[in-house]
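Chemist: Numbered according to our numbering, the sequence shown terminates at residue 448, and the numbering increases by one at each position without gaps. Below is the structure I would like to discuss, written out as structure tokens.
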Amino acid sequence: MTLPSTHDVALAAERRTAARLLLAHPLIASDGPHADLFPLIRRHADWLGKRFQQVLGYRLLVDSSYARLFKAGLGTGSGHRLERSTGTPFTPHTYACLALALSVLVTAPEQMLLSHLVAEIRAAAADAGIELGETGRAAGKRTLVAALRQLVNWDVLIETEGHVTALAQEAGGEALITVDRELARVVVAGPLSQARDGADLVRRAADPGFGGPRTYVRRMLVETPVVHLDELTDAERDWLRTRQRREAQAFSELLGLEMEIRAEGVALVDPEEELTDLHLPGTGTVAQAALLLAERLVERLRPQEPGHPATGGTLVIGVTVPDGLVDEVLAELIAEYGQRSNWQRGYLEDLPSLREAVLDLLVRMRLMARAGRLRAEGEGLPKGYVEEASEGRTVTDVHGARPDGDGWVLLAAAARYATQVMVRPATAVGKGTDVQEELPL
């Protein structure tokens, strides 16, 4: 067996670094925050373009001043949402402002006043029949500022003099902004010219095309924290189970990711913890409460004898969370850890708000979900999509692997986040010091 040369090892490392960067930041400007690595992307542009197309069905465009990886969606409810600087998710109104701003900027002059841009956005809204009358009020101005701030973060807008926040901070605040029309034109990745409306755009973007089950499963693995088997069609489960070892090697070489394979599903793990916009364990009230809630729910709801159909058992991917249990456990956690862990006062005094934030994080991490129809049952499939496995193929039976009906479901992946509370002995912290519980957060 011939060992790879030093040159081959260095070449593979460069390509992996560039691929990881594009996956985490699909729009990169040559003079932006990742300018130091932009030459790496240009150097390997041809190879990267071919590999992203072959593996994930993504198109890569590399220009002298930017690189854009056109990712495809995964369907309704599976997007990576945008957030304000406060962590608040974009509302439909904010997305509307963002889309309207882009429609204006693709033909805007190189420089323009902020007030002129706002006037153009309002005009575009009127032409499209979209009501943006509230942009003259404080809340509406903040929403528009959030959309413009996102464009600044993407380097589509450059604050030459002043800041776009002047729109909300001052009466009649003004700023001079520079527009990168090329970047504005490549922000939207979906097939706009083909879509009839927003819902149709989401469906068309999620269609893996000729790649079919192979491409969709690979996208799921890369773009989501974990893929449970009942989130896949028969054809997708068949493809994954027969090729998962080979895929593990491919994702390790391309992106440096490790595949964790379980009876209930598969996850790609990043040892460097760079390729995610979600962190659990994490810091802050919501992340700590979510981790502790997952631990308590796993302790109380873990099935006694889960099995696998291949060995005559019953596959358990999710269990029902009884009504009121989440509130009960969160109340316990607030009493036990809220004060001494300095959790945010607003959450300590508002259990419904804490519940909403915690469940939102656990859903995005795919540790909990609302009960309902799944992809394995034909939910959300593109028209004409192949969902049946090849004739004669036997696939893992996922029927009844999670409960139907209403309410919340605790998913199998939550078990790997169950923690243990460690107690530091008093002698280890000195005589007379209070004993404290240390949480692996």
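Glycine included, C-beta positions come from ideal geometry on N, C-alpha and C. Since the model is a prediction, treat every value here as computed from it, not as a measurement.
Helix, strand or coil for residue 66 per DSSP?
Modeler: For this step, residue 66 is matched to residue 59 along the sequence shown. Looking at residue 66 - three-state DSSP - the assignment turns out to be strand.
Chemist: Residue 123 by DSSP, collapsed to three states: which one?
Modeler: As a working mapping, residue 123 is identified with position 116 in the sequence shown. Of the three classes helix, strand and coil, the one that applies to residue 123 here is helix, per DSSP.
Chemist: For residue 45, report the span of its alpha helix (DSSP H) as first-last.
Modeler: Translated into positions along the sequence shown, residue 45 becomes position 38. Element bounds for residue 45: 45-50.
Chemist: Which of helix, strand or coil does DSSP assign to residue 220?
Modeler: In the sequence shown, counting from the first residue as 1, residue 220 sits at position 213. Helix, per DSSP.
Chemist: Give me the DSSP bridge partner(s) of residue 318.
Modeler: The count along the sequence shown starts at 1 and reaches residue 318 at position 311. Residue 318 pairs with nothing; no bridge assigned.
Chemist: Would you kindly work out how many angstroms separate the C-alpha atoms of residue 24 and residue 60, rounded to a whole number?
Modeler: On the sequence shown, position 17 is the one that residue 24 refers to. On the sequence shown, position 53 is the one that residue 60 refers to. The alpha-carbon atoms of residue 24 and residue 60 are separated by roughly 17 Å.
Chemist: Evaluate residue 45 with the Cβ neighbour count: other Cβ atoms within 10 Å of its Cβ, from every protein chain shown; 16 or more gives buried, anything less gives exposed.
Modeler: For the purposes of this step, residue 45 is taken as the residue at position 38 of the sequence shown. Classification of residue 45: buried, given that the 10 Å Cβ count is 16 or more.
Chemist: In the structure shown, what three-state DSSP assignment does residue 102 receive?
Modeler: Mapped onto the sequence shown, residue 102 falls at position 95. Looking at residue 102 - three-state DSSP - the assignment turns out to be helix.
Chemist: With distances taken between CB atoms, is the gap from residue 282 to residue 27 smaller than 8 Å?
Modeler: Against the sequence shown, residue 282 aligns to sequence position 275. Against the sequence shown, residue 27 aligns to sequence position 20. Cβ distance < 8 Å, so residue 282 and residue 27 count as in contact.
Chemist: Who pairs with residue 350 in a beta bridge, going by DSSP?
Modeler: If you number the sequence shown from 1, residue 350 lands on position 343. Looking at the DSSP assignment, residue 350 forms no beta bridge with any residue, so it has no partner.
Chemist: Quick one: grab the DSSP three-state call for residue 387.
Modeler: The sequence position of residue 387 within the sequence shown is 380, counting from 1. Reduced to three states, the DSSP call for residue 387 is coil.
Chemist: Are the beta-carbon atoms belonging to residue 422 and residue 336 less than 8 Å from one another?
Modeler: Within the sequence shown, numbered from 1, the residue matching residue 422 stands at position 415. Within the sequence shown, numbered from 1, the residue matching residue 336 stands at position 329. No, the Cβ-Cβ distance between residue 422 and residue 336 is not below 8 Å.
Chemist: Identify every run of the alpha helix (DSSP H) within the segment 287-318, keeping only runs that are complete inside it and at least 4 residues long; order them along the chain.
Modeler: Qualifying alpha helix (DSSP H) stretches, in chain order: 292-308.
Chemist: What's the gap between the Cα of residue 215 and the Cα of residue 269?
Modeler: For this step, residue 215 is matched to residue 208 along the sequence shown. For this step, residue 269 is matched to residue 262 along the sequence shown. The alpha-carbon atoms of residue 215 and residue 269 are separated by roughly 25 Å.
Chemist: Mark residue 225 as exposed unless 16 or more other C-beta atoms lie within 10 angstroms of its C-beta, in which case mark it buried.
Modeler: For the purposes of this step, residue 225 is taken as residue 218 along the sequence shown, with counting starting at 1. Buried.
Chemist: What separation, rounded to the nearest whole angstrom, lies between the Cα atoms of residue 433 and residue 341?
Modeler: Your numbering for residue 433 matches position 426 in the sequence shown. Your numbering for residue 341 matches position 334 in the sequence shown. Model confidence at residue 433 stands at a pLDDT of 47, short of 50, so the residue's coordinates are unreliable; what they give is reported in the following sentence. Whole-angstrom Cα-Cα distance: 24 Å.
Chemist: So, does the segment 378-387 touch the segment 282-299, judging by three or more C-beta pairs under 8 Å?
Modeler: No, the segment 378-387 does not touch the segment 282-299.
Chemist: To the nearest angstrom, how far is it from the Cα of residue 127 to the Cα of residue 153?
Modeler: Residue 127 sits at position 120 when you count from the first residue of the sequence shown. Residue 153 sits at position 146 when you count from the first residue of the sequence shown. Cα-Cα distance, rounded: 17 Å.
Chemist: Whole alpha helix (DSSP H) runs in the segment 182-237 with 4 or more residues, listed along the chain?
Modeler: Runs of the alpha helix (DSSP H) inside the segment 182-237: 188-193, 205-213 and 219-230.
Chemist: Residue 189 and residue 37 look like a contact to me (Cβ under 8 Å); what is the Cβ gap, rounded to whole Å?
Modeler: One-based indexing of the sequence shown puts residue 189 at position 182. One-based indexing of the sequence shown puts residue 37 at position 30. In fact, because the Cβ distance is near 11 Å, the residues do not count as touching under 8 Å.
Chemist: Name the DSSP bridge partner or partners of residue 77?
Modeler: Taking the first residue of the sequence shown as 1, we reach residue 77 at position 70. DSSP lists 66 as partners of residue 77.
Chemist: Taking 8 Å as the cut-off, does the segment 89-100 touch the segment 62-76 (at least 3 CB pairs, one atom from each stretch)?
Modeler: Verdict: no, contact absent.
Chemist: By a C-beta neighbour count over all protein chains shown, 10 Å radius and 16 as the cutoff for buried, is residue 365 buried or exposed?
Modeler: Residue numbering aside, residue 365 sits at position 358 when the sequence shown is read from its first letter. Under this definition residue 365 is a buried residue.
Chemist: Identify, in the order they occur along the chain, each residue of the same chain with its Cβ nearer than 7 Å to the Cβ of residue 233, setting aside the five sequence neighbours on each side.
Modeler: Mapped onto the sequence shown, residue 233 falls at position 226. So the qualifying residues of the chain are 272, 274, 373 and 420.
Chemist: Quick check on the DSSP output: the alpha helix (DSSP H) that includes residue 246 runs from which residue to which?
Modeler: Position 239 of the sequence shown, counting from 1, holds the residue named residue 246. 241-262 is the span of the alpha helix (DSSP H), which, as asked, contains residue 246.
Chemist: Flag this pair as yes or no: are the beta carbons of residue 237 and residue 324 separated by less than 8 Å?
Modeler: For this step, residue 237 is matched to residue 230 along the sequence shown. For this step, residue 324 is matched to residue 317 along the sequence shown. Yes, they are a contact pair.
Chemist: Short check: CB of residue 120 to CB of residue 183, under 8 Å?
Modeler: Mapped onto the sequence shown, residue 120 falls at position 113. Mapped onto the sequence shown, residue 183 falls at position 176. Yes. Within cutoff.
Chemist: Alpha carbons only, please: which of 132, 83 and 125 is nearest the one belonging to residue 103?
Modeler: Numbered from its first residue, the sequence shown carries residue 103 at position 96. It is 132.
Chemist: Could you check where the beta strand (DSSP E) with residue 272 kicks off and where it finishes?
Modeler: For the purposes of this step, residue 272 is identified with residue 265 of the sequence shown, where counting begins at 1. Residue 272 -> beta strand (DSSP E) spans 272-276.
Chemist: According to DSSP, what are the bridge partners of residue 417?
Modeler: In the sequence shown, residue 417 corresponds to position 410, counting from 1. Bridge partners of residue 417: 326 and 375.
Chemist: Taking the alpha carbon of residue 147 as the reference point, which residue from 187, 165, 105 and 162 has its own alpha carbon closest?
Modeler: Numbered from its first residue, the sequence shown carries residue 147 at position 140. The shortest Cα separation from residue 147 among 187, 165, 105 and 162 belongs to 105.
Chemist: Could you check what DSSP says for residue 90 in three-state terms: helix, strand or coil?
Modeler: Here residue 90 is taken as the residue at index 83 of the sequence shown, counted from 1. It is a strand residue.
Chemist: How would you label residue 51, buried or exposed, when you count the other beta carbons within 10 angstroms and need 16 or more for buried?
Modeler: By 1-based counting over the sequence shown, the position of residue 51 is 44. By the 10 Å Cβ count, residue 51 comes out buried.
Chemist: Go ahead and label residue 221 buried or exposed: buried means 16 or more other beta carbons lie within 10 angstroms of its beta carbon, across all protein chains shown.
Modeler: Position 214 of the sequence shown holds residue 221. Per the 10 Å Cβ criterion, buried.
Chemist: Consult DSSP for residue 150 and reduce its assignment to one of helix, strand or coil.
Modeler: By one-based count along the sequence shown, residue 150 stands at place 143. Residue 150: helix per DSSP, three-state reduction.
Chemist: Taking the alpha carbon of residue 130 as the point to measure from, which residue in 116, 110 and 149 has its own alpha carbon closest?
Modeler: The residue given as residue 130 occupies position 123 in the sequence shown. Selected option, being the one with the closest Cα: 110.
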